[in-house]
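Report on the structure given below.
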Amino acid sequence: MKRAMIAASTLALASAAGAQCESKSANSCTRSTEGTTMLASYTEPEMNLVETAVNAGSFNTLVAAVKAAGLVDALSGDKPLTVFAPTDEAFANLPEGTVEKLLKPENKELLKSILLYHVVPGDIRAEQVVDLTAADTAAGQRVPISVIGSNVRVDDANVVKTDILTTNGTIHVIDRVIMPSTKDIVETALEAGSFGTLVAAVKAAGLVEALKAEGPITVFAPTDEAFGKLPEGTIETLLLPENKGKLAEILTYHVVPGRIYADLALEAGEAETLQGSSVTIRIQDGKAMVNDAEIITTDIDTTNGVVHVIDSVILPSE
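For any residue, its number in the working numbering is found by taking its place in the sequence shown, counting from 1, and adding 391.
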């Protein structure tokens, strides 16, 4: 990307092998790296994020999308932002017709969510990016960040240019358009294929709409195998219409208000559920646990929350 006033900034990256999340904040999970150096030479920027993208000449599709989504003012304000900006070539690599479809007025909200998935609140320079394993985007969902050798990846895109400074933030150029989840919690469970019993229970308890609502919420989701561990006949009994209230109580004990990722959950140590009682979240024998259930998969993002998969059904106290 051409810049009138900002010289190129390059990354010297140390090996990220074995790096772990060592510190957390409200919008990032930090990886410890050594030997990272930054070489930068620039003058004070005079253009904001949108103006810089327009001036570059290689972000025409991105600028058109920003306008179509009604995000020009949001990206031109005073609050510092970091944008992972796909080039025109990146947009051109999407399936044929995708860009044209997204630019239609009826798809404005979908386009907005995709673009905001490329935006992280705060001014995050390259030397900070390489220390992250993830960042919370303006779309609400968390974008994964990885370092492999000298290559930095944001979701499945490569960062090809860094530290384009503007008056209200920083642009890092990426070679692909990255996509947030477009399915809600119920749709995600159905698509997975391993939550058939959970979905049946949610329907029987009349909780489908609650789990499809805007949220956000966090669900500790037992697999079909987890339900299979319950005493024989338990599931069949709970699915009876006369046990709808009891079933709803059990299911809402698996749901916590807010989008709570694993690192934040472990940091908190406990969380109050929609059922009213709290669950305990901890590391035990090297395993992440919620009550007595092991969390076997974490941080499955959805449009209205996050899902953590557990290996047992957890039950509230009588």
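Quick reminder that beta carbons are idealized off the backbone N, C-alpha and C, glycines included.
Exposure of residue i, with buried meaning 16 or more beta-carbon neighbours within 10 Å
{"i": "Q675", "result": "exposed"}
{"i": "V592", "result": "Rather than Val, the amino acid found at residue 592 in this sequence is Ala. The residue is buried, with at least 16 neighbouring Cβ atoms inside 10 Å."}
{"i": "M716", "result": "Residue 716 lies beyond the stretch modelled for the chain, which goes from 392 to 709, so this question has no answer here."}
{"i": "P613", "result": "buried"}
{"i": "S668", "result": "exposed"}
{"i": "G560", "result": "buried"}
{"i": "K678", "result": "exposed"}
{"i": "K458", "result": "exposed"}
{"i": "S541", "result": "exposed"}
{"i": "D654", "result": "buried"}
{"i": "K492", "result": "exposed"}
{"i": "K470", "result": "exposed"}
{"i": "T625", "result": "exposed"}
{"i": "D683", "result": "exposed"}
{"i": "G448", "result": "exposed"}
{"i": "A483", "result": "exposed"}
{"i": "L631", "result": "exposed"}
For residue i, the first and last residue of its enclosing alpha helix (DSSP H)
{"i": "S504", "result": "499 to 507"}
{"i": "E710", "result": "The structure shown does not extend to residue 710, since the chain is modelled only from 392 through 709, so no value can be given for it."}
{"i": "G619", "result": "615 to 619"}
{"i": "E480", "result": "479 to 483"}
{"i": "K495", "result": "Premise fails: K495 is in no alpha helix (DSSP H) and is neither H nor E."}
{"i": "G636", "result": "635 to 643"}
6 Å Cβ shell around residue i - same chain, five flanking residues per side excluded
{"i": "T688", "result": "V700"}
{"i": "L550", "result": "What sits at residue 550 in the sequence shown is Val, not Leu. These residues qualify, in order along the chain: V543, H563, I565."}
{"i": "K495", "result": "none"}
{"i": "Y644", "result": "T664, Q666, P707"}
{"i": "K603", "result": "D575, V577"}
Collapsed DSSP secondary structure at residue i in the structure displayed
{"i": "I608", "result": "strand"}
{"i": "F450", "result": "coil"}
{"i": "N581", "result": "Reading the sequence as shown, one finds Leu at residue 581 and not Asn. Note: L581 maps to helix in three-state DSSP."}
{"i": "V704", "result": "coil"}
{"i": "A592", "result": "helix"}
{"i": "A444", "result": "helix"}
{"i": "T524", "result": "strand"}
{"i": "K458", "result": "helix"}
{"i": "Q675", "result": "strand"}
{"i": "G468", "result": "coil"}
{"i": "T428", "result": "Confidence at T428 is low in this model, with a pLDDT of 46, below 50, so the placement of that residue is unreliable and no value is reported for it."}
{"i": "V599", "result": "helix"}
{"i": "I686", "result": "strand"}
{"i": "G649", "result": "coil"}
{"i": "S423", "result": "Residue placement at S423 is poorly supported in this model, since its pLDDT is 44, which falls under 50; the coordinates are not used for a value here."}
{"i": "I562", "result": "strand"}
{"i": "G531", "result": "coil"}
{"i": "I515", "result": "coil"}
{"i": "I576", "result": "helix"}
{"i": "G696", "result": "strand"}
{"i": "S414", "result": "Only weak support is given to the placement of S414: the predicted model assigns it a pLDDT of 40, under 50, and the question is left unresolved by the model."}
Cβ neighbours of residue i in the same chain (closer than 8 Å, five flanking residues each side left out)
{"i": "R628", "result": "Checking the sequence shown, residue 628 turns out to be Thr, not Arg. Closer than 8 Å at Cβ, skipping near neighbours: N634."}
{"i": "V481", "result": "The sequence given here has Ala at residue 481, not Val. So the qualifying residues of the chain are A548, I565, D566, R567, V568."}
{"i": "G660", "result": "T671, I672, R673"}
{"i": "L485", "result": "V568"}
{"i": "A455", "result": "L494"}
Sequence-distant residues of its chain with Cβ nearer than 7 Å to residue i (five each side left out)
{"i": "T694", "result": "S572, T573, K574, D575"}
{"i": "G696", "result": "I576, G606, P607, I608, T609, V610, R650"}
{"i": "A460", "result": "K499, L502, K503, L506"}
{"i": "A656", "result": "A662, I672"}
{"i": "G587", "result": "D615"}
{"i": "A580", "result": "F586, L589, V590, A612"}
{"i": "E497", "result": "none"}
{"i": "T557", "result": "P436, M438, N439, L440, T443"}
The beta strand (DSSP E) enclosing residue i, as first and last residue numbers
{"i": "V551", "result": "548 to 557"}
{"i": "E627", "result": "Not the beta strand (DSSP E): E627 falls in the alpha helix (DSSP H), residues 625 to 629."}
{"i": "V543", "result": "542 to 545"}
Closer than 8 Å to chain D by CB, residue i
{"i": "V543", "result": "Any reference to chain D falls outside this structure, which holds one protein chain only."}
Task: Any 3 or more C-beta pairs closer than 8 Å across the segment 470 to 480 and the segment 508 to 522 - done: Between the segment 470 to 480 and the segment 508 to 522 there are three or more C-beta pairs closer than 8 Å, enough to call the two in contact.
TODO: May I ask you to verify whether the segment 618 to 626 touches the segment 665 to 673, counting CB pairs closer than 8 Å and requiring at least 3?
DONE: Counting Cβ pairs under 8 Å, fewer than three are found: no touch.
Open item on the list: Count Cβ pairs between the segment 595 to 606 and the segment 631 to 646 that sit closer than 8 Å; are there 3 or more?
Closed with: Yes, since at least three Cβ pairs between the segment 595 to 606 and the segment 631 to 646 fall closer than 8 Å, the two stretches touch.
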